[in-house]
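**Q**
Residue numbers (this note's numbering), protein chains in the order written: chain H, 1 to 347; chain E, 1001 to 1347.
(1) Whose C-alpha, out of 1081(E), 1162(E) and 1191(E), is nearest the C-alpha of residue 1066(E)?
(2) Under 8 angstroms by Cβ, that's how I've got residue 91(H) and residue 1336(E) pegged, so tell me the actual separation to the nearest angstrom.
(3) Can you tell me whether residue 1219(E) is buried or exposed? The criterion is at least 16 other CB atoms within 10 Å of its CB, across all chains shown.
(4) Pick out whichever of 62(H), 101(H) and 100(H) has its Cα sitting closest to the Cα of residue 84(H).
(5) Along the stretch 315 to 329 of chain H, what residues have a CB closer than 7 angstroms to any CB found in chain E?
(6) For a quick check, are the C-beta atoms of residue 275(H) and residue 211(H) less than 9 angstroms apart?
(7) DSSP puts residue 102(H) in a beta bridge; with which residues?
(8) Hey, does residue 343(H) have any beta-carbon neighbour from chain E nearer than 9 angstroms?
(9) Counting only Cβ pairs nearer than 9 angstroms, list the residues of chain H close to residue 1153(E).
(10) Using a Cβ-Cβ cut-off of less than 9 angstroms, give me the residues of the stretch 195 to 222 of chain H that come near chain E, in sequence order.
(11) Residue range of the beta strand (DSSP E) that residue 1237(E) falls in?
(12) Quick check: the stretch 284 to 295 of chain H against the stretch 242 to 253 of chain H, are there 3 or more CB pairs under 8 angstroms?
(13) Step through the CB atoms of chain E and report whether any lies within less than 9 angstroms of the CB of residue 399(H).
(14) Can you tell me the Cα-Cα spacing of residue 1119(E) and residue 1204(E), whole angstroms?
(15) Helix, strand or coil, according to DSSP, for residue 65(H) in the structure here?
(16) Could you give the distance in angstroms between the alpha-carbon of residue 1026(E) and the alpha-carbon of residue 1129(E)?
(17) Between residue 1315(E) and the rest of its own chain, which residues show a CB-CB distance below 8 angstroms, the 5 nearest in sequence each way excluded?
(18) Pair every Cβ in the stretch 1155 to 1166 of chain E with every Cβ in the stretch 1041 to 1060 of chain E, then say whether three or more of these pairs are closer than 8 angstroms.
(19) Determine which residues share a DSSP beta bridge with residue 1268(E) and list them.
(20) What number of angstroms, rounded off, separates the C-alpha of residue 97(H) from the C-alpha of residue 1303(E)?
(21) Please report how far the alpha carbon of residue 215(H) lies from the alpha carbon of residue 232(H), in whole angstroms.
(22) For a contact defined as C-beta to C-beta under 8 angstroms, what are the partners of residue 1291(E) on chain H?
(23) At a CB-CB cut-off below 7 angstroms, which residues of chain H make contact with residue 1086(E)?
(24) Would you mind sorting residue 263(H) into buried or exposed? The rule is 16 or more other CB atoms within 10 Å of its CB.
(25) Quick one: does residue 1069(E) have its CB under 9 angstroms from some CB of chain H?
(26) In the stretch 1195 to 1248 of chain E, which residue ranges form an unbroken beta strand (DSSP E) of at least 3 residues, counting only runs that do not cross its ends?
(27) Can you confirm whether the stretch 44 to 51 of chain H touches the stretch 146 to 154 of chain H when touching is taken to mean that 3 or more C-beta pairs between the two stretches lie within less than 8 angstroms?
(28) In terms of alpha-carbon separation, which member of 1110(E), 1265(E) and 1184(E) lies closest to residue 1241(E)?
(29) Give the straight-line distance between the Cα atoms of residue 1297(E) and residue 1311(E), rounded to the nearest whole angstrom.
(30) What residues of chain H sit near residue 1280(E), judged by a beta carbon separation below 7 angstroms?
(31) Determine the closest residue to residue 1075(E) out of 125(H), 86(H) and 257(H), with distance taken between C-alpha atoms.
(32) How many angstroms separate the CA atom of residue 1125(E) from the CA atom of residue 1115(E)?
(33) Here's a check: name, in chain order, each residue in its chain whose Cβ is nearer than 6 angstroms to the Cβ of residue 1158(E), leaving out the five neighbours to either side.
(34) Rounded to a whole number of angstroms, what is the C-alpha to C-alpha distance between residue 1267(E) and residue 1222(E)?
(35) Look at the Cβ atom of residue 1254(E), then the Cβ atom of residue 1127(E), and state whether they are nearer than 9 angstroms.
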C-alpha cells in the first residue's frame, strides 16, 4: 500500500520549488515535444525525449531496478552501481559486487543508455533487456541466479499482482523481469541540457568559453566518435589510435566478443551526456577528472597536446551537456511474504 | 542543476495515479491536521504528523542521507541499511558494513524513530542527531571519519552552497551534517494506517479479525510495552521476562550503557508501526516472520502460548499498523569537484 503522505507532499513541493528556482516549470506537454534543432549542420544533435509505451511497465521496472532482493545478499540493486542520484553511475573506478568483489571495469552510466549501439563496454549484450540479466547472475556483481531471483519475486504478493497487471499473467519469469527493467531504463533520457538549448538556436544558452570549447572539440576531431544525440555510444573504437593506452586493466574490449584481433582494445565509445557527473573516466576508470580525460584523449586518439587553456575550454563545453536528471518518487517496494527466502549475506 | 524532466513528470503522474487509486488524494493542509482520536481510552494513539520547521534543512538532510560519499568506500549511505524503499530497514538479520563487515545487531527502522526515547537498541545515543554521527565513523559500518567526511563535503560546491543557504555559513562541520540528517529523519512519520482510521472512529477501517487481534493484543498484555503513538520506542524492557531469551547474539543491551547489572538484556522496545515491512525481528533478527515474533514474545515476555488462531489474529492486527510510506523525489546529489578525494574501496 503506497499513499502520498504529508512528508511526501512537502518533499514534492520542496523539490518543485528547488527546481523552479533553477528553471521555470514546464508542462509535460511542453517537455514532451523535442525542441527542434535550428543549427542542423552540427555533428551533435538535440536529444529526443523518451517514448513511454507502457507507463505501468516502467513503474514495475523502476521497483525492480531499486530492489536489492534481486541479489544473493539482498543488499545490491541495479541502482547500487548505476545510482540515479549520481548520474546513473557509482563514481568508483570499478564497482563493488557480492561480498565486496572488485569489479573488472568502470560501470557505465545508465542515463541515455537506450541509445547505445549495444550494452557493456565490449557490446556483448545487444540491448538493455539482455544487459539487465547479466549482473543479477554474475557471481562478482549481484551473485544470484535467475531461477532464485524469479522464485523470490514470485513469493512476493505485491509483485505477483503487478506482473499480472502489466503482463496479463502472474507467472513471473526472467524475460518479464528484464523486459520491465529495460522499459524503465529506456525512459532515462536527460533532456534540455544548456547545449541542447544552444543547438535549438538560443545563443545565450552557453558562454563564449563554452562555445569556443565546442569549436575546439569539433576542429580537433573529437566529433569523429563523440557525435549524434548522445555524443557517443553509437560505435566501437580503438582505445589508443595514435599512441597505445597504458593500463593495468586486462579488458581486451570487443575482441572478447568477436574473437577478431582487429577488435583488440576496441571499446564502445562512451556517451558524453552528463559526463560532468560520471567520473572517473575510461573503461578502467583511470582518469579522475574531465581535464585528465581530455588530455589523454587528445594525446592517444588525436595526437594532440591541448594547452591548459584549450583543455579548460573543452571541459567547460563538456559541462554544458549535463541535462535534466531523472526525477521521480522513490519507489516503495512490496514486502516479502512468510514464504519468501531470507537473505544471509555472510555464508 | 536539477530540473523536472518529462520522465519525471510522467513518473510523478504515474505515482500519483497509483496512489490515488488506493486512496483519494489529500491536500497537504488536510494531511497536516492529525486526525482526532475518537477512541480516546485506547493505549494506542493516533500518530501525529511530522513538524517540519525548516524544509530547506530537510532537503539538505535528505541528500546527505542518500549520499554514499559519507562512507570510506563511497558505496554505503544511511539509506543502504535504513532503506526507505523497504520500511526504513534493510530486511537483513544484521547489516552489511564496510568491506562486507557483518553488523552486530539488527538495523532498526528509521521510520517514526524521532519518537524514540533514545536511539540504538541500547539507547546509547540520546537523539537522531547524535545517532547520525555513529555509523559514518564506525569501522564496521560506513568506515569513514567525521573529519574526512566533512572535508569531502566541503570540496563539493553544490553542498557548500546548500549549507550556506541553510546554516548561513559555508563552513561545514559534523554538527551541521548530523543536524540536517536528523531534520530529514524527523519527517519520516508514517501517518494514516488503517488502525489510525479505526482509532479515529471509522469502524470499517479494520476487519473483525483484525479487531479481535487488537483485543487479544491488549488483553494479553502486549500494550504494557507496545503503546502510545509508535506502539513502542518509549521504554527499555528486559528481553526474556518470564523465560530467558536464547540467542547467540552477544549484545548485552542497556547494561553496556549504564554498567548496571539490572540493565542486562534490557533493550529499547521497538516500534510496531510498519512492522509488516521491517522483518526480520528482535535485536538479533532471529524471528523471520511476524508469526514467529508473536509466538516468542508471548512465551518469553508474557508466559502465554498463543493458539495458531490467536497468533493469526494478532498478526492480522499488526498489519493494520502499516502507514503511508515516505514519498518524495529521489534526491539528485551535487557532483564532486576536481578537488574532491576519489574513493578506493579496495585498499
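By construction, the Cβ of each residue, glycine as well, lies at the ideal position given by its N, Cα and C atoms.
**A** In short, the structure shows the following:
(1) The shortest C-alpha separation from residue 1066(E) is found at 1081(E).
(2) The C-beta distance from residue 91(H) to residue 1336(E) rounds to 7 angstroms, short enough to fall under 8 angstroms.
(3) Classification of residue 1219(E): exposed, given that the 10 Å Cβ count is below 16.
(4) Nearest to residue 84(H) by alpha-carbon distance, out of 62(H), 101(H) and 100(H), is 62(H).
(5) The stretch 315 to 329 of chain H vs chain E, Cβ under 7 angstroms: 322, 324, 325, 326, 327, 328 and 329.
(6) Taking 9 angstroms as the Cβ cut-off, residue 275(H) and residue 211(H) do not qualify as a contacting pair.
(7) Partner(s): 96(H).
(8) For residue 343(H), the closest Cβ of chain E is nearer than 9 angstroms.
(9) For residue 1153(E), no chain H residue has a C-beta closer than 9 angstroms to its own C-beta; the minimum C-beta separation is roughly 15 angstroms.
(10) Among the residues of the stretch 195 to 222 of chain H, none has a Cβ less than 9 angstroms away from any Cβ of chain E.
(11) Here the beta strand (DSSP E) through residue 1237(E) covers 1236 to 1238.
(12) In short, these stretches touch, since the Cβ pair count reaches three.
(13) Given a span of 1 to 347 for chain H in the structure shown, any question on residue 399(H) remains unanswerable.
(14) Approximately 36 angstroms, taken between the alpha carbons.
(15) In this structure, residue 65(H) counts as helix in the three-state DSSP scheme.
(16) Legend: pLDDT at residue 1026(E) = 39, less than 50; position of this residue unreliable, value from coordinates given subsequently. Straight-line Cα distance between these residues: approximately 31 angstroms.
(17) Beyond the five residues adjoining it in sequence on each side, residue 1315(E) comes within less than 8 angstroms, by CB distance, of 1213, 1290, 1291 and 1294 in the same chain, given in chain order.
(18) The stretch 1155 to 1166 of chain E is in contact with the stretch 1041 to 1060 of chain E.
(19) In the DSSP output, where bridge partners are listed per residue, residue 1268(E) has 1236(E).
(20) The alpha-carbon atoms of residue 97(H) and residue 1303(E) are separated by roughly 45 angstroms.
(21) Between residue 215(H) and residue 232(H), the C-alpha separation is close to 17 angstroms.
(22) Within 8 angstroms Cβ-Cβ: 338.
(23) Correct list: 333.
(24) Flag for residue 263(H) reads buried.
(25) Yes, because at least one Cβ of chain H sits closer than 9 angstroms to the Cβ of residue 1069(E).
(26) Listed in chain order, the complete beta strand (DSSP E) runs (minimum 3 residues) inside the stretch 1195 to 1248 of chain E are 1236 to 1238.
(27) A contact between stretches requires three or more CB pairs, one per stretch, nearer than 8 angstroms, and the stretch 146 to 154 of chain H fails this requirement with the stretch 44 to 51 of chain H.
(28) It is 1265(E) whose Cα lies nearest to the Cα of residue 1241(E).
(29) If you take the alpha carbons of residue 1297(E) and residue 1311(E), they lie about 11 angstroms apart.
(30) What residue 1280(E) touches in chain H: 342.
(31) Answer by Cα proximity: 86(H).
(32) Using only the alpha carbons, I get a separation of about 13 angstroms.
(33) Counting only Cβ-Cβ distances below 6 angstroms, and skipping sequence neighbours, we find 1334.
(34) Between the C-alpha atoms of residue 1267(E) and residue 1222(E) there is a straight-line separation of about 16 angstroms.
(35) Cβ atoms of residue 1254(E) and residue 1127(E): not closer than 9 angstroms.
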